[in-house]
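Peer 1: Pasting a structure below so you can have a look.
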Amino acid sequence: MTAELALAPPPLLEVHDLTVEFVTRRGTVVAVERVALALAKGETLGIVGESGSGKSVTSYAVMRILDRAGCIAGGTITFSGMDVGAAAEPLMRDLRGREMSMVFQNPRAALNPIRKVGRQIEDVLRQHAQATAGDAAAKAVEMLRKVRIARPEERYHAYPFELSGGMCQRVVIALALACRPQLLIADEPTTGLDVTTQKAVMELMVELTRERGMSTILITHDLGLAAAYCDRVCVMEKGRVVETASAADIFAAPEHPYTRRLMRATPRPGVTLRDLLPADTAEAAAGPDVARRAGTRDCGALLEVHDLVKAYPRKGAGATLQALFGRNDRRADDGMFRAVDGISFTIGRGESLGLVGESGCGKSTTSMMLMRLIDPTSGRIVFAGEDIGAVPARGFARSPLRKRIQMVFQDPTDSLNPRFTAARAIADPLLRLGGLEGRKAVGARCEALARQVGLPVELLDRFPHQLSGGQKARVGIARAIALSPELVILDEPTAALDVSVQAIVLNLLSDLKASLGMSYLFVSHDLNVVRLLCDRVIVMRAGRIVEEGATARVLSAPESDYTRELLAAIPHPPV
Amino acid sequence: MNQSARIDPAAAIPAVSAPAAAPLTAPAGLPVAAAPLARPSIARHARHVIAENPVTGIAFALFLAIAACAVLGPAIAPYDPLASDTAAALQAPSTRHWFGTDQLGRDILSRVMAATRLDLGIAVFSVALVFVLGGLSGVAAGFFAGWTDRIVGRIADTIMAFPLFVLAMGIVAALGNTVTNIVIATAIINFPLYARVARAEANVRREAGFVLAARLAGNGEARILLAHILPNVMPIMAVQMSLTMGYAILNAAGLSFIGLGVRPPTPEWGIMVAEGAGFIVSGEWWIALFPGAALMLAVFCFNLLGDGLRDILDPQRRT
Amino acid sequence: MIRQIGKRLATAIPSLIGVVIVTFLLTRVLPGDTAAYFAGPAATPQAIAEIRKTLGLDRPLPEQFVRYVADLARGDFGNSLTTGQPVITEITTRLPASAELTLAGLIVSMLVAVPLGVLAAVRQGSLVDHACRIVATAGVSLPVFFTGLLLVYAFYFLLGWAPAPLGRLDIFYSPPPQVTGFFLIDSLIARDFEVFRAALAQLALPALTLAIFSLAPVARMTRASMLAVLASDFVRTARASGLAPRAVIVTYAFRNAMLPVVTTLGMVFSFLLGANVLVEKVFAWPGIGSYAIEALIASDYAPVQGFVLTMAVLYVLLNLSIDLAYGVIDPRVRIEA
Amino acid sequence: MKRREFLQSMTALAAAPMLSAPMVWSPARAQSRAETLLFVTEAGPNNFDIHGVGTNRPGYEVSWNCYDRLMSHGVKTLADGTASYDRDKFVPELAEEWSPGDMSITFKLRRNATFHDGTPITAKDVKWSFDRAVTVGGFPTFQMKAGSLEKPEQFVAVDDHTFRVDFLRKDRLTLPDLAVIVPAVYHSELVKKNATDKDPWGLDYTKTNIAGGGAYKVTRWQAGSEVVYERNEDWKSGALPKIRRIVWRIVPSAGNRRALIERGDADISFDLPNKDFAELKAAGKTSVVSTPVGNGILYLGMNCKNPPFNEVKVRQAVAYAIPYQKIMDAVMFGLANPLYGGEANRASSLAWPQPHGYATDLAKAKALLAEAGHQDGFDTTISFDLGSAVISEPLCVLVQESLAQIGIRATISKVPGANWRSELLKKELPMIVNFFSGWLDYPEYFFFWAYHGQNAVFNTMSYQDGAMDALIDGARKAAAEGDAGTYATDVKGFIDKAFAEVPRVPLFQPYLNVALQKNISGYRYWFHRQLDYRSLGKA
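Protein chains in written order, with our numbering: chain F, 5 to 579; chain U, 214 to 532; chain X, 107 to 443; chain V, 149 to 687.
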């Protein structure tokens, strides 16, 4: 279903009927099937789709850098009149970098770790004869200045591990734009970055490509990003282009059911949890939308945190931690880097508290301390009246309180033991603390839990690598609620999931809270998700709480300007 | 190898989960249109890797042949490996004696077959011993870090600082050249290798998500090590084991060459090569060649098996 | 940098102490009774007792150990009873021979194994890959003394290309003036190219034997790390920016791939030192390995202890140089240390 | 080198060391090659001084060639045309002439003989050297005692060039004992200068330095790999040797030694395994000399102190169970004199060694074993010295196999060098395979060491029998007094007793095998089984 183009000048890039196949363990797999898209000069096209939709594979095919197992099985790719699909490798090599170039997702990994960034830019310049040995260095520094890197002469000699994520991405962009190519393909350029850095990088990229009249392809799974920065958007599902339209049209009136479902599932202001679900299931859902019930059953605080502090020695761990999370200068007294710098808050019974902040603000450290996996430097943690902060983390596994606080982890793949089946993973807490006798009892409880989290029972004896992201997340949740804990800490539970799967899991979590009467501490960097699930929200920055209050109030009329800045940075589709 | 989070195009298998209508609280789970993923048992996957990689296939077949020879060896040998027949001494390979005869007229083919059991035994036992010694202490060092790590590290360094062969000689010379001492000596030599690999693998997984989850489930540190960390480290150790099995036999051969090998007249490849070595120049090449060839095939097979095992057990490859 | 060396040496001290203790115990446990051995065939029991007293073997073990450590502190490695020379001179004359042989073996092994590994990785799964793997594995599948003897038989006895396996230098050349103890280097310093060529010819076969034996570990490690690096993100970026394949493979991939290979050099070196002992026996090489074997078989403690201690110090120095080399190649290590 | 070429250059570089160009002789090298003799052996000297503590047999060779003695042995041609020392003919060396008296012997020294450093040799040096030999202890003192040379008082330096030895008792072995290696003449001033109070006889100095006046000087020594000699140009004690420079290289691998001699790179290969010699002899490219080792026997010894070998019948059973012919063919390759299968188990002449009457007869062996009450056999071990493994190991394997057929289950144990000597001293090993040869080629000398009740270390079976001792002492006294009658009866007596009670079963009289290039002449077999360079020539 290719959209007919008006009689515009011949497109810079035209992909017609493209099919890409991969030879894998179980025969050839069609990753991209009969894709058609066109890109005019100076235009920015967004390709949106969930993981596995083939959006990256298409861009790789255009650049002809598919790895050994992949091959272009059919269709043509013409780039400014040239049939790129069948071009000889040396010709393609000249095109790459000079006429078309690419920016990748994981900036730090995309640069050679043991070579100065300046030299890496020089390599590209000299490869395409854009500079001689003499002036290459000067041109490289010039490129660094263009991508707004402070003190470019000095940073020329820096190594990737010495720069922050954002800065690395700027270097990758400098690398890509060094030879003034006509086409820039950006494959999820800002996925790993903070919201504020994401905004800065996207604006830089748009400005540079507009200034040079380049055309851009932005590949992302984030609809908001596509809406904010693209002229036209095409949506891909399971290797096929389901819809292509201008950014405004596609959001205002999505035609294809998949696009519509995708729109609905994207968390955005002014929408409830139920709204995220596909239209046909929303009505069928029985029971009111419990999450929105106003106020909490205030029968006393379940958890009280007083002046919690966690400090790491500056040398070594401190230095790398800082380098990793960018240059925020922390008031470091006695040579200690304070990841969590004296925070206090309470969680009521049955309440769902949101903990929001950019990476490096100390939210994960806090949750680790509350979970008693690491010991706080100072401060008290009182859970249901008992000071659990005093019990050392090492010995906490044996304390009776253990089974009353549980956690759902961010990366489902990393948090499941690769050699345990799903059933064994869920049963682990039951066997240790569940007090259930006999395999049959444990087995029955596991099946009950699986049904409760909507995991098909026949998947119970599968290994993690045979389950999808969503299914693994459900196993993680089932394991967390196995001992029916009173407090569950959710550390960005849906960050690694696709938007549609995220919608379902968030609803699942909300229903479980209602039915089991648990209280949540929901840790996240995504304000939209927090708005949907939490009654109250805390905003953290550099180890301190900068704002606290009811979700509606904080997200509509924030008091601290940091929260305001956060809200402003979130790109969201035109409402 | 940085585990880039992005979907690696090679593994872009159509994801199984298609969001379908999900009646929320209703007991029926999310009917997932899962592709009929029959549980890919390890055997099927192993067969697949072997088919794809012929060299590993050959190595596997070779290993089975050697194992069979070790079990049936003495039974199917054409002659008694120990019976000497000075009249037929130093005969070139012929129809009666396929591999020819040695200085005392003993049939070399029977001795090579009889020796398989002893040499395989030395290899297997020494590798098993060093796996338990080196592997476990390495995993403990990697997981508990702190003092355990320092102690195991120092022991490994001390052994590494020793010229390996002289250490083996010292042990065998000191305790006598029985087979058990050769096994112990070989095990001690390989200790640092195993400790280092196990420590690295355990260290990587020390703070993994599933370890934290295990702590949340109330598992003590020791149980986490044995039930969670060890099973994950096992495949990598298996690769290491097959590689060092080759070295164990070579080591025994080296010891025989300087006279500290297995007691005569028990047939063992190392000794037969060492004795035969003296006869090469004088023209009786077969005395050393055939045991040497058998030794080479065995070590060859173990090394290739090691590489093959790495492909089969490497989690990344098992999609 | 000095701090890094200091730290590295500090960690080496305990292992050196460990080596000293273990060697002392090992040699004391050796069954041979040195006194009897040196009393000669016709000695009477009291003659042996008298010799044991002079050697100080009758005193209790701890006392012997203290005396041994005191001697060590003074750099006195004691006298070798088999050769009558002080052990320290024996080691200083013989160590360069072994070092030259082992280093030559290592260099040849690196020059062959690394390209093999790179080739196997670049053309993964192809015929070349399997061939490289088979060749490397075949090398290590034969006991080193057997490879040595086969090479002597083929290249010296049958073809006559190689010179007689008579040690470091043919009898009709006098060794070059001692500067480093390495004949190759000393002869170059002395500009005596004929001796250089003769020494190189003598070194060829034993070095080749050692190299063949150590091909497999180096090739396998290079192939594995090269494969990992080629699959990494920054190589994909290099390809995407159109760099020439040779630049991608050599400048970007190869330099990163060499990091893990350099760390295993320590392991390969001590692996070679072990094998070198047998090669010296086959090629009549006046190295330190064969000297230690004779001493061990004759239960002559001093040379064995001296030999093992020298090897331990050599091993520590080698590890130190590997760490420094690692620091040069990988800036991350240099900054963080 | 541009990084781009880095890859190809690596593979090119790897090939360089392998193509070593064959050596081209420069003229200077060729000329010195003709004047130099290269010979290879398995082991090298550990000490240059025959009086040293623990000097090994290669060490004897250095002392023999670099020191002088008062007199030496003449030459005789054996039946097969090869030359050997003549046991009964003495020729002058340092002493020009000597006149034996009733209870003494007086030597006239050469007037013009000098040590290597030029100082003239006087009787004072000879006296000091002999005093050293009899007091330094260990093997040298034992050897002197064998010829009744026991006290320093016996040695008198009459004047600078006359030296007298007084006898304690009449002993036929005294004169030959003065011609063995031990009574060498040392440069007393030089040694005394380097002696210390802890080491009065300067043993440490002479361990690595030559303090003598012999035909050769050591110019270079690297223990365990090489010894280089130069000819002593002003040597007066005999005809000046023909070869100017001798290089002795130690090549542990027998295979390599064989290759060196076959390709002509080594002039002499000393003491190669029998098989190689048999084949070299057949090939005929090199000249091979095999001489039976005088007064030397390869034997299987049994411990007569502990059961079960303390019973004669058990020992005889073993004697009948040994596969002699199999060993001769597969182990000795015919290069040895058989000492078994004589018509009668009694002495047939006064010569020693001579064959005994036992032969391989398993039935008789089984019967004897049953008579001794061991019909269901027993377990034991056969031990041998790792150093002699080339012969001993296959031999033990054959013996083990045939003993098993009569019920004796023997395990083989290889004992490394150092432990072998201490094991022999303890005399606990039940069964051993060993070799012993006496320097003085007389039967009573052999029996005095190997069978006499004094239980010297060489009596490895610790066989003690009063009657045997009487016979041996009787023979020695008769020899000293020249009483041929009693001497003959006593010698036959102790040989018969040795055969009958068979504490050790003599197997073979092995040969000393030497392979030489065709252009090498002047090789002579000596009692000490080492190489004498002085008679060698290179065409």
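Ideal placement from N, C-alpha and C gives every residue a C-beta, glycine not left out. All values reported here derive from a predicted model rather than from experimental measurement.
Quick check: is any heavy atom of the ligand SAH less than 6 Å from the C-beta of V:G521?
Peer 2: In the structure shown, the ligand SAH is absent, as is every other ligand, since no ligand is present at all.
Peer 1: Over the uninterrupted alpha helix (DSSP H) stretch that includes F:C238, give me the two end residues.
Peer 2: What you label residue 238 of chain F is simply residue 234 of the first sequence in a count that begins at 1. Here F:C238 belongs to no alpha helix (DSSP H); instead the beta strand (DSSP E) covers R236 to E241.
Peer 1: Residues of chain F with CB under 8 Å from X:G358, in chain order?
Peer 2: Locating residue 358 of chain X in the third sequence gives position 252, where the first residue counts as 1. The residue you asked about is not Gly; residue 358 of chain X is Tyr in the sequence shown. By Cβ distance, chain F contributes N116 and R119.
Peer 1: Could you spell out the range, first to last residue, of the beta strand (DSSP E) harbouring V:P486?
Peer 2: Translated into positions along the fourth sequence, residue 486 of chain V becomes position 338. A484 to P486 is the extent of the beta strand (DSSP E) around V:P486.
Peer 1: Below 7 Å between beta carbons: does that hold for V:G449 and V:I580?
Peer 2: For the purposes of this step, residue 449 of chain V is taken as the residue at position 301 of the fourth sequence. For the purposes of this step, residue 580 of chain V is taken as the residue at position 432 of the fourth sequence. Against a cut-off of 7 Å, the Cβ pair of V:I580 and V:G449 comes out as a contact.
Peer 1: May I have a chain-ordered list of the alpha helix (DSSP H) segments no shorter than 4 residues that lie completely inside the stretch 159–237 of chain X?
Peer 2: Listed in chain order, the complete alpha helix (DSSP H) runs (minimum 4 residues) inside the stretch 159–237 of chain X are 167–179 and 193–228.
Peer 1: With a Cβ-Cβ cutoff of 7 Å, do X:L333 and X:A227 count as a contact?
Peer 2: Within the third sequence, residue 333 of chain X is the residue found at index 227, counting from 1. Within the third sequence, residue 227 of chain X is the residue found at index 121, counting from 1. Cβ atoms of X:L333 and X:A227: closer than 7 Å.
Peer 1: Can you check whether the C-beta of X:D339 is within less than 7 Å of a C-beta belonging to chain F?
Peer 2: Here residue 339 of chain X corresponds to residue number 233 of the third sequence, with the count starting at 1. Yes, its Cβ sits closer than 7 Å to a Cβ of chain F.
Peer 1: With 7 Å as the limit, tell me which residues of the stretch 128–141 of chain F have their beta carbon closer than that to any beta carbon of chain X; keep them in chain order.
Peer 2: Cβ contacts with chain X come from V128, Q131 and H132.
Peer 1: Give the DSSP-derived three-state secondary structure of F:I375 in the structure shown.
Peer 2: As a position in the first sequence, residue 375 of chain F is number 371, starting the count at 1. For clarity, residue 375 of chain F is Met in the given sequence; the question names Ile instead. F:M375: coil per DSSP, three-state reduction.
Peer 1: Which value, in whole angstroms, describes the spacing of the CA atoms of U:V512 and U:N390?
Peer 2: Locating residue 512 of chain U in the second sequence gives position 299, where the first residue counts as 1. Locating residue 390 of chain U in the second sequence gives position 177, where the first residue counts as 1. Straight-line Cα distance between these residues: approximately 22 Å.
Peer 1: Find the nearest neighbour of F:A35 within the set F:A482, F:A90, F:R236 and F:V61, judged by alpha-carbon distance.
Peer 2: The residue you call residue 35 of chain F lines up with position 31 of the first sequence. Closest option to F:A35, Cα to Cα, is F:V61.
Peer 1: Got a sec? Which residues, its chain only, sit under 8 Å from X:L365 by beta carbon, not counting five neighbours each side?
Peer 2: Within the third sequence, the letter at position 259 stands for residue 365 of chain X. Same-chain partners within the cutoff: S331, Y432, I435 and D436.
Peer 1: Please tell me whether X:I399 and X:F413 are closer than 7 Å, where the distance is taken between their beta carbons.
Peer 2: The residue given as residue 399 of chain X occupies position 293 in the third sequence. The residue given as residue 413 of chain X occupies position 307 in the third sequence. Cβ atoms of X:I399 and X:F413: not closer than 7 Å.
Peer 1: In whole angstroms, what is the alpha-carbon distance linking F:A204 and F:C450?
Peer 2: Numbered from 1 along the first sequence, position 200 holds the residue referred to as residue 204 of chain F. Numbered from 1 along the first sequence, position 446 holds the residue referred to as residue 450 of chain F. Each residue's Cα considered, the two are about 47 Å apart.
Peer 1: Quick one: what's V:K256 bridged to in DSSP?
Peer 2: Here residue 256 of chain V corresponds to residue number 108 of the fourth sequence, with the count starting at 1. V:E245 and V:T310, per the DSSP bridge assignment.
Peer 1: Let me check understanding here. Comparing Cα to Cα, which of V:A327, V:L517, V:A227 and V:I620 lies closest to V:L588?
Peer 2: In the fourth sequence, counting from the first residue as 1, residue 588 of chain V sits at position 440. The shortest C-alpha separation from V:L588 is found at V:A327.
Peer 1: Would you report the Cα separation of V:T262 and V:K365, rounded to the nearest angstrom?
Peer 2: As a first step, residue 262 of chain V must be located in the fourth sequence, where it is residue number 114. As a first step, residue 365 of chain V must be located in the fourth sequence, where it is residue number 217. Distance between the alpha carbons of V:T262 and V:K365 is about 13 Å.
Peer 1: For the alpha helix (DSSP H) that F:G53 lies in, which residues bound it at each end?
Peer 2: Counted from its first residue, the first sequence places residue 53 of chain F at position 49. Unbroken run through F:G53 is the beta strand (DSSP E), T48 to G53; no alpha helix (DSSP H).
Peer 1: Counting only Cβ-Cβ distances shorter than 7 Å, please list the residues of the stretch 429–453 of chain U near chain F, keeping chain order.
Peer 2: Listed in sequence order: L429, A430, G431, N432, G433, H441, P444 and N445.
Peer 1: Leaving aside the five residues before and after V:S683 along the sequence, list all residues of the same chain whose C-beta is less than 7 Å from its C-beta, in chain order.
Peer 2: In the fourth sequence, the residue the question calls residue 683 of chain V occupies position 535. Counting only Cβ-Cβ distances below 7 Å, and skipping sequence neighbours, we find G670 and R672.
Peer 1: Answer with buried or exposed for V:A227, where buried requires no fewer than 16 other C-beta atoms within 10 angstroms of its C-beta.
Peer 2: Here residue 227 of chain V corresponds to residue number 79 of the fourth sequence, with the count starting at 1. Counting Cβ neighbours within 10 Å, V:A227 comes out exposed, since fewer than 16 surround it.
Peer 1: Of all the residues that make up the stretch 396–417 of chain V, which are near chain X by a beta-carbon distance shorter than 8 Å?
Peer 2: Listed in sequence order: R397, I398, V399, P400, S401, G403, N404, A407, L408, E410, R411, D413 and A414.
Peer 1: Which residues in chain X sit within 7 Å of F:I69, going by Cβ to Cβ distance?
Peer 2: Counting from 1 along the first sequence, the entry for residue 69 of chain F is found at position 65. Chain X residues near F:I69: R342, R345 and A346.
Peer 1: Give a yes or no on whether 7 Å exceeds the smallest Cβ distance from U:A411 to chain F.
Peer 2: Working through the second sequence from its first residue, we reach residue 411 of chain U at position 198. No, its Cβ sits nowhere closer than 7 Å to a Cβ of chain F.
Peer 1: Just grab the DSSP bridge partners of V:K562 for me.
Peer 2: By one-based count along the fourth sequence, residue 562 of chain V stands at place 414. Answer is V:F532.
Peer 1: Give the range of the beta strand (DSSP E) segment to which F:E25 is assigned.
Peer 2: What you label residue 25 of chain F is simply residue 21 of the first sequence in a count that begins at 1. Run containing F:E25: L17 to T28, per the beta strand (DSSP E) assignment.
Peer 1: Counting only beta-carbon atoms, is X:A216 nearer than 7 Å to chain U?
Peer 2: Counting from one through the third sequence, the residue named residue 216 of chain X turns up at place 110. It is Met, not Ala, that sits at residue 216 of chain X in the sequence shown. Not an interface residue.
Peer 1: Is there a C-beta anywhere in chain X that falls below 7 Å from the one on U:L463?
Peer 2: Looking up residue 463 of chain U in the second sequence gives position 250. Yes, contact with chain X.
Peer 1: Closest to U:L349 by C-alpha separation, out of U:A440, U:D320, U:V424 and U:Q304, would be which residue?
Peer 2: Within the second sequence, residue 349 of chain U is the residue found at index 136, counting from 1. When only C-alpha atoms are compared, the closest one is U:A440.
Peer 1: For F:S84, which residues of its own chain have a beta-carbon under 7 Å away from its beta-carbon, when the five flanking residues on both sides are left out?
Peer 2: The residue given as residue 84 of chain F occupies position 80 in the first sequence. Here the set comprises L16 and Q186.
Peer 1: Could you please give the first and the last residue of the uninterrupted beta strand (DSSP E) stretch that includes F:L551?
Peer 2: Working through the first sequence from its first residue, we reach residue 551 of chain F at position 547. Per the sequence shown, residue 551 of chain F should be read as Glu rather than Leu. Note, F:E551: beta strand (DSSP E), R548 to A554.
Peer 1: Hey, which unbroken runs of the alpha helix (DSSP H) at 4 residues or more fall wholly within the stretch 34–88 of chain F?
Peer 2: For the stretch 34–88 of chain F, whole alpha helix (DSSP H) runs of length 4 or above, ordered along the chain, are 59–67.
Peer 1: Using the Cβ count rule (16 or more neighbours within 10 Å means buried), how would you classify U:T393?
Peer 2: By one-based count along the second sequence, residue 393 of chain U stands at place 180. Its Cβ having fewer than 16 others within 10 Å, U:T393 is exposed.
Peer 1: Distance, Cα to Cα, V:G285 vs X:I154?
Peer 2: Numbered from 1 along the fourth sequence, position 137 holds the residue referred to as residue 285 of chain V. Numbered from 1 along the third sequence, position 48 holds the residue referred to as residue 154 of chain X. About 11 Å.
Peer 1: What are the start and end residues of the beta strand (DSSP E) that includes V:G444?
Peer 2: Locating residue 444 of chain V in the fourth sequence gives position 296, counting from the first residue. G444 to M450 is the extent of the beta strand (DSSP E) around V:G444.
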